[in-house]
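Just so we're aligned, residue 1 is where the sequence shown starts under full-length UniProt numbering, counting upward by one.
We put the CB at the ideal spot given by N, CA and C, even for glycine.
Keep in mind it's a predicted model, so treat the numbers as computed, not measured.
A short worksheet on the structure shown next.
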Amino acid sequence: MPIKNAPVKKDKLTDAEKKKIKQDNKAKANPGKAADKKAKNDAKREGRKESGSQKTFA
């Protein structure tokens with residue numbers, strides 16, 4: 001009989017991993033848009049850093 005509590009390796013991707021792959025594929029397809037989006041997001045991060053705000057997920 002197999003052990004019920006034996007660790008089983010999952011072969012499915014998590015939602016976060018799927019999202020990352022999708023983002024990478026979009027960046028490959030549209031490098032110009034990806035660069036613009038990166039610049040915009042970096043500016044947002046800098047603004048949050050300067051204001052001292054922190055992202056929290058409750």
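If you draw a straight line from the C-alpha of S53 to the C-alpha of V8, how long is it?
Rounded to the nearest angstrom, the two C-alpha atoms are 40 Å apart.
In three-state terms, what does DSSP make of K12?
Three-state result, K12: coil.
Three-state secondary structure (DSSP) at P31?
In the structure shown, P31 sits in a helix (DSSP, three-state: H, G or I).
Does the Cβ-Cβ distance between K33 and K26 come in under 9 Å?
Result yes, Cβ atoms of K33 and K26 sit closer than 9 Å.
For L13, which residues in the same chain have their Cβ closer than 8 Å to its Cβ, ignoring the five residues on either side in sequence?
Closer than 8 Å at the Cβ level, and outside the excluded window around L13, lie I21.
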